[in-house]
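Chemist: Below: one structure in structure tokens.
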Amino acid sequence: MCGPGQLRPRRPARRCGDQHARPRTVRAPADARRVDGRGDRHAERLQPRGRRGGHQGPRRQVSGQRVEADHGARGGRRARGIQAGQGHRARRARARRGRLRVVAVHRGGPHVSPPVRAVIFDFGGVFIDSPFTALVEAASAQGLDPAVALEVVFGPYDRDTDHPWHRLERGEIDLAAARSEIVALGVERTGREIEPFDLLAALAGGGIRTEVVDRCRDLRAGGRRTGLLTNNAAEFEGFWTPLLPLGELFDDVVDSSAVGLRKPDPRIYHLALERLGVTADETVFIDDALGNVVGARAVGIRSVHVGPQPSDVAAALAELDAHLA
């Protein structure tokens, strides 16, 4: 080191081959490196980092055996880890990814639904036999194609359209007008009149499904809210309302013809929820029309589909119990 007023000695000129080398990167002997506590990590920081076209430094030339000889098994494992892409940088990256995954699972994990406070029932196909099944059987007996008969009488029942039956259920036209339009549709589609009321008369012989009535009664007695949500015609009220003790079974009844809406319009589900004083995720809905079930699920209501056969009722009630558990 130069004292005050002394000239600093000139540094020897570098050779051309050393133009990229830096004096600070001279590697110290192995026995002179500090390995106290920080081990080979501190020692490796003393090693030069080579540049393209120049000296590459001993770090890239160190084998696992040499490091192990200098610093023990830990150094060998580190060198092998670097060669295999498993060094501390890779480990930190994997750890970061793992932490992110854990956070994602924690924040976006499965949603736990609140307890069920209400159950909403359909009428036809749930408390009595399905009108669709009755119409198919009656159409077959009359030599009609069941699929055509369903389309002529009920229209596309998984949607809410301007079909005369849909307008009847919304209370927009009366029964006589709906019948006249349906008969005309039958002539247009099949060349013959299809009398809807002759087909639907088969519904009268099915009777009430007492197991569904009992389950509804038990639910209400146990403190849950119960509702009835039915697509119906105003003229049918005198037929279906005497079949059930409505005041005993239900806290509320929504009849499509009375409110001007029909399933699967989302607004009628929201209306039923509002009148029961519950939210969608606190409610289970049960219906025999798949389109109505899909519509209820679309607004966040857990739903159960009842199959077309009477034997499907037990399976539907078991599924309902699973939602209530």
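Numbering (my numbering), first residue to last: 26 to 350. Yeah, the Cβ is synthetic: ideal placement off N, Cα and C, and Gly gets one too.
Whole beta strand (DSSP E) runs in the region 163-224 with 3 or more residues, listed along the chain?
Modeler: none
Chemist: Are VAL338 and ARG234 touching if we call contact CB-CB under 8 Å?
Modeler: yes
Chemist: Could you give the residue range of the beta strand (DSSP E) that holds THR304?
Modeler: Careful: THR304 lies outside any beta strand (DSSP E) and carries neither H nor E.
Chemist: Counting Cβ pairs closer than 8 Å, one from the region 315-327 and one from the region 287-307, do we hit at least three?
Modeler: yes
Chemist: Figure out for me which residue from GLY247, ASP346, ALA340, ASP185 has the closest Cα to the Cα of GLY285.
Modeler: ASP185
Chemist: 8 Å is my cut-off, CB to CB: does LEU301 come that close to chain D?
Modeler: The structure shown contains no chain D; it holds only a single protein chain.
Chemist: Compare the C-alpha of ASP239 against each of PRO267, PHE275, GLU218, VAL319 and name the closest.
Modeler: Nearest option by C-alpha distance: PHE275.
Chemist: Figure out for me which residue from ARG142, PHE146, HIS188 has the closest Cα to the Cα of VAL279.
Modeler: PHE146
Chemist: Would you mind working out which of PHE148, GLU176, VAL151, PHE152 sits nearest LEU160, comparing C-alpha positions?
Modeler: Checked all of PHE148, GLU176, VAL151, PHE152; the closest Cα to LEU160 is GLU176.
Chemist: Name the residue from ASP346, SER155, GLY232, PRO221 whose alpha carbon lies nearest to the alpha carbon of PHE310.
Modeler: Among ASP346, SER155, GLY232, PRO221, the Cα nearest to that of PHE310 is on ASP346.
Chemist: Cα-Cα, which of VAL178, GLY180, ARG195, LEU269 is closest to ILE293?
Modeler: ARG195
Chemist: Kindly indicate which residue of TYR182, VAL141, PHE264 has the alpha-carbon position closest to the one of VAL319.
Modeler: TYR182
Chemist: Of all the options ARG287, PHE179, ALA226, which has the alpha carbon lying nearest to the alpha carbon of ILE207?
Modeler: PHE179
Chemist: Would you give the residue range spanned by the alpha helix (DSSP H) that ARG322 belongs to?
Modeler: That run of the alpha helix (DSSP H) goes 315-323.
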